[in-house]
Each structure stands twice: as structure tokens, then as C-alpha cells.
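One structure below.
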Amino acid sequence: MDNSDKILGEAAYQILARREKISVIQLNQELHRMADEANTPERKQAVLAAIDWLNDYRQPSSEDKRSSSPLRRLSESSDSITLLSVENIKK
């Protein structure tokens, strides 16, 4: 797993933690927020590299990268993360 995969995972986790639907648009927005809040130049560069990858991934003219995409696992139920609502935890 390279650094872009980890950063995309962080972005997806933040979206899930807010109980929002994960989409390319949401990932892009979250990655931009992460870049703005980066503490070091290295972190900012890594987040910008993930943004570049995501932008390349979503281009219709680019080759089909779905089979090697870190995003492919977001829809696989065996690897999915389910967050319980506060109401379900209290019951």
C-alpha cells in the first residue's frame, strides 16, 4: 500500500465518521481540506499527490484502473466499515 492509498483511506474514514455517503466528489473535497490543514510540507505534498491520482482516476479518457484502485474495496461488504448510530449503541 503506498502513501496515496493511506491518504485516500483517511479521507474516506473522515467522510464515514460524519455519516456521509462516500463519492469521488466527497473524497476530492475532503482531500482538499486535508491539504489545507497539512502540518508539514511533506504531508501536504502527499495529499496533493492523492488529489492528482483521484483526478486522473475520474477522467473518462484515462485507462480503466478500477481493478487496481484502492476505491474498489469501498463497495465490498466483507471489507466495509459499519458505524453504529448513538441510538443503536444505547439500546
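Residue 23 in the working numbering sits at position 22 of the sequence shown; the count goes up by one each step and never skips. Virtual Cβ for every residue (Gly too), placed ideally from N, Cα, C.
Would you mind sorting residue i into buried or exposed? The rule is 16 or more other CB atoms within 10 Å of its CB.
i, result
"E38", "exposed"
"A18", "exposed"
"E31", "buried"
"I26", "exposed"
Roughly how many angstroms lie between the CA atoms of residue i and residue j, to the nearest whole one?
i, j, result
"A12", "E21", "12 Å"
"D6", "A51", "8 Å"
"N40", "W54", "21 Å"
Mapping the DSSP letters down to three states, classify residue i as helix, strand or coil.
i, result
"K45", "helix"
"I23", "coil"
"N123", "This structure gives no information on residue 123, because the portion of the chain shown stretches from 2 to 92."
"N29", "helix"
"E11", "helix"
Assuming contact is defined by CB atoms lying nearer than 8 Å, are residue i and residue j in contact in what I supplied?
i, j, result
"A36", "L28", "no"
"I23", "I16", "yes"
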